[in-house]
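Those letters in the sequence shown? Residues 0 to 366, per numbering that gives the first Met the number 0, in order.
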Amino acid sequence: MHTEPHQALNQPDLYQPASNVLELRTVACAYETGRPAIRNISFAAREGEILCLLGPSGCGKTTILRAIAGFEPVRSGELFLSGRLVSNANLTVPTEERRVGMVFQEYALFPHLRVADNIAFGLQHLSRGDRKCQIQEMLTLTGLEGFDRRYPHELSGGQQQRVALARALVQNPVVLLLDEPFSNLDPDMAGRMRQDLHALLRRTKTTTILVTHDHEEAFAMADRIAVLNQGVLEQMDTPELIYHMPASPFVADFVGQADFIQGDIRDGMIHTELGEFPNTLPVVDGAAVTVMIRPDDIHLLPAKGASARIIGRQFRGSENLYTVRLPSGQIVHSSEGSTSVYQEGTAVELQVLATHTVVFPAPFPAA
């Protein structure tokens, strides 16, 4: 087993200074029982940015969304929209005064209203001519031309979602809130809608907060991702850095397959069963550490007499995911091309081609 030299992860500076449309400063909210729902949440969303709140069920994603919308009171901290304080322990500006658009999981369309009337809901302050103009603009923008006289039950799931988006966007919101918007769509439709919605939000330069538990969805949509765990913000970064440079074992494991290899520091290097790695932590010789390895960091070389063995293969279309047992019993995974087919029991050498080394300062128990 051997490793390739460490290389720096080049990450372009995608974000130049821009005005913050949304800002949370050490915001905390609690359930009715008094148990904290979110604690000391601080982040800001820039103008035109798509920001994703990512995490498992119950981690606080939807609570944050509800606090931004004004549906959830803030126990401590401050929440600003376009520089205006809208929530703290003593103040909750009503939802209708926040200029926030929201698309729910169920879309919440009015079943008795046609598409045009659903979109126009909330535009009663405009003249009839202006309303008609706005509706037509939204129909064109969302690809719903010709559907204006249909009822929601006459539309597909994707079309219903477009109507919900049009109804939110026609209000010209300061920020658009999307709560698991693809959860009711089949995988193929969800994939297409992600692409369409991403293009639409880019065209309209709409600042968007997207809630999801699906890391692939977050990677596809977001400029930056805020990973939440048990009401706490664990890391906020670009999708690339979240994946390649996770700040904690939880983040590493949640955003993709990850294996954790135990090692110790000797002569400034990390010594593990998979070979040596550069030490990126300020720890002294003899310290125990954990190295994170992704399946795409490990490549298999069949070799008679090698001490590692393939014990499983999952075919995933474009790739095979191999499960490999090391001599110690440690299990690791390797991602290979779909045409690289090896049988269970094959003896293999492992070549680690990590472009960077992610090290955590204390042993992390294997899952």
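By construction, the Cβ of each residue, glycine as well, lies at the ideal position given by its N, Cα and C atoms.
Residue range 231-236 is occupied by the beta strand (DSSP E) that includes L232. Taking the C-beta atoms as reference points, I260 is found nearer than 8 Å to L273. Counting only runs that start and end inside the segment 61-119, the alpha helix (DSSP H) elements of at least 4 residues fall at 114-119. With contact defined as three or more Cβ pairs closer than 8 Å, the segment 306-315 and the segment 329-348 are in contact. The beta-carbon separation of L154 and V162, rounded to 7 Å, stays under the 8 Å limit for a contact.
In this structure, DSSP gives G274 an extended state, which the three-state scheme calls strand. A distance of 8 Å or more separates the beta carbons of P294 and T345. Distance from the CA atom of C132 to the CA atom of T62, rounded to whole angstroms, is 36 Å. Around the C-beta of V283, fewer than 16 other C-beta atoms lie within 10 Å, and the residue is accordingly described as exposed. If you check the CB distance, E233 and A246 come in under 8 Å. For E31, no beta strand (DSSP E) encloses it, and the DSSP letter there is neither H nor E. By the criterion of a C-beta distance shorter than 8 Å, R113 is surrounded in its chain by D147, R148, R149, Y150, once the five residues flanking it on both sides are discounted. Counting only unbroken stretches of 4 or more residues, the alpha helix (DSSP H) elements lying wholly within the segment 147-203 are 156-168, 186-203, in sequence order. Around the CB of Q159, 16 or more other CB atoms lie within 10 Å, so the residue is classed as buried. Using a Cβ distance threshold of 8 Å, Y321 and S306 do not count as a contacting pair.
Here DSSP, grouped into helix, strand and coil, assigns M291 to strand. When beta bridges are read from the DSSP output, N19 appears opposite R45. Pairing T206 with L175 gives a Cβ-Cβ distance under 8 Å. By the C-beta density criterion, G54 is buried, having at least 16 other C-beta atoms within 10 angstroms.
When secondary structure is reduced to three states using DSSP, A246 falls in the coil class, being assigned neither helix nor strand. From the listed residues E22, G157, R97, E31, the smallest Cα separation to S41 is found for E22.
Rounded to the nearest angstrom, the Cβ distance from L199 to T141 is 7 Å, consistent with a contact under 8 Å. A residue is called buried once 16 or more other Cβ atoms fall within 10 Å of its Cβ, and F120, having fewer, is exposed. With respect to the C-alpha of H124, the residue from H111, L80, Q170 having the closest C-alpha is Q170. Annotation: L52 to T211 spans about 6 Å, alpha carbon to alpha carbon. For D263, no alpha helix (DSSP H) segment is defined; the enclosing uninterrupted segment is the beta strand (DSSP E) at 258-265.
Listed in chain order, the non-local C-beta contacts of P93 below 8 Å within the same chain comprise G69, local neighbours out to five positions each way being set aside. Straight through space, the alpha carbons of F103 and E31 are spaced by roughly 22 Å. Cα atoms of G145 and I134: separation of roughly 12 Å, rounded to the nearest angstrom.
According to the DSSP secondary-structure assignment, T141 is paired through a beta bridge with no residue.
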